[in-house]
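Numbering-wise (the working numbering), the sequence shown opens with residue 887 and increments by one.
We put the CB at the ideal spot given by N, CA and C, even for glycine.
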Amino acid sequence: DALKDELGDLLLQVVFHSQIATDANQFEFKDVVDSICNKMTRRHPHIFGDIDENPGWEQIKAVEREKSGQSSSLDGVALALPALLRAQKIQKRAARVGFDWPDIAPVKAKLLEELEEVESAKTAEQVHEEIGDLLFSAVNLARHYKVDAERALVDATEKFTCRFNEVESGLTRDMEDMSLEELELEWQKAKAKLRKS
């Protein structure tokens, strides 16, 4: 029932935006349907065409990108994606054309190298750039471990939030008045308690 409801919300957006486009004499709902049907047919010639083997989704998309004037393998990755997700997609695209390390050892080494570069940065601009490189390398490590970096960060943030709330709710005095050692002790207690539950 929940899925049905959400799909209705999604369909409303498609119909709504199609109507706005129709009112502006740009395209109609039928054109949206035709467009996706044509795309599925074009990208699955082994199903809808007369060839036996699938030439590969990425190969077909590469031809489409080239026809639309997008020459880079990285073209078409949406700028509006969350940063971690976009980094992961960019890295996957680069890996598909062979721009990737063959195993995880150099990925780990690169992450440590980027951390050292953060530590040796002298200006705020350099720190900004090196932190960006460090995060990009962390996404690459996640990708090599086949972990969705975006989901992993969402989960880690939620875990931190739960533990922090547990610490905060159990205190008898203000956090600001406690030493780091005292807070660490409370943190470990909260962590153990939440693990049991």
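Have a look at 918, 1069, 1047 and flag the residue whose alpha-carbon is nearest the alpha-carbon of residue 1080.
The shortest C-alpha separation from residue 1080 is found at 1047.
Under three-state DSSP, which class holds residue 1014?
Three-state result, residue 1014: helix.
Taking Cβ positions, are residue 1016 and residue 1000 nearer each other than 8 Å?
Yes, the Cβ-Cβ distance between residue 1016 and residue 1000 is below 8 Å.
Please state the DSSP three-state secondary structure of residue 968.
Correct three-state label for residue 968: coil.
Can you check whether the CB of residue 1022 is closer than 8 Å to the CB of residue 1076?
Contact: no.
Below 8 Å, can you find three or more Cβ-Cβ pairs linking the stretch 999-1013 to the stretch 1029-1044?
Output reads no: the stretch 1029-1044 does not touch the stretch 999-1013.
Give me, in chain order, the residues of the same chain whose beta-carbon lies closer than 6 Å to that of residue 978; leave out the 5 immediate sequence neighbours on both sides.
If we look at residue 978 and ignore the five residues flanking it on each side, it has no Cβ neighbours.
Mind checking which residues open and close the alpha helix (DSSP H) that includes residue 1070?
Segment 1066-1082, the alpha helix (DSSP H) holding residue 1070.
Residue 960 by DSSP, collapsed to three states: which one?
If DSSP states are grouped into helix, strand and coil, residue 960 belongs with coil.
My assumption, with CB atoms under 8 Å, is that residue 932 sits in contact with residue 939. Please give the rounded CB distance.
Contact flag correct, Cβ pair sits at about 6 Å.
For residue 911, report the span of its alpha helix (DSSP H) as first-last.
Here residue 911 belongs to no alpha helix (DSSP H), and DSSP marks it neither H nor E.
Tell me, to the nearest whole angstrom, how far the beta carbon of residue 1027 is from that of residue 993; I am working on the premise that it is less than 8 Å.
Contact holds; Cβ gap of about 5 Å.
I need the DSSP call for residue 990, collapsed to helix, strand or coil.
It is coil, neither helix nor strand.
Residue 1040 lies in the alpha helix (DSSP H); which residues open and close that run?
Looking at the DSSP string, the run of the alpha helix (DSSP H) that includes residue 1040 is 1035-1056.
Have a look at 1014, 997, 1064 and flag the residue whose alpha-carbon is nearest the alpha-carbon of residue 1024.
Nearest of 1014, 997, 1064 to residue 1024, Cα basis: 997.
Which residue wins for smallest C-alpha separation from residue 1069, given the options 965, 986, 1053, 921?
Checked all of 965, 986, 1053, 921; the closest Cα to residue 1069 is 1053.
Comparing alpha-carbon positions, which option in 1044, 963, 1065, 969 lies nearest residue 980?
Among 1044, 963, 1065, 969, the Cα nearest to that of residue 980 is on 963.
Please name the residue in 1013, 1004, 989 whose C-alpha comes closest to that of residue 1032.
The shortest C-alpha separation from residue 1032 is found at 989.
Assign residue 1059 to one of two classes, buried (16 or more other C-beta atoms within 10 Å of its C-beta) or exposed (fewer than that).
Flag for residue 1059 reads exposed.
Beta-carbon within less than 6 Å of residue 1029's beta-carbon, same chain only, minus the 5 sequence neighbours each way: which residues are those?
Only 974, 977 meet the Cβ criterion.
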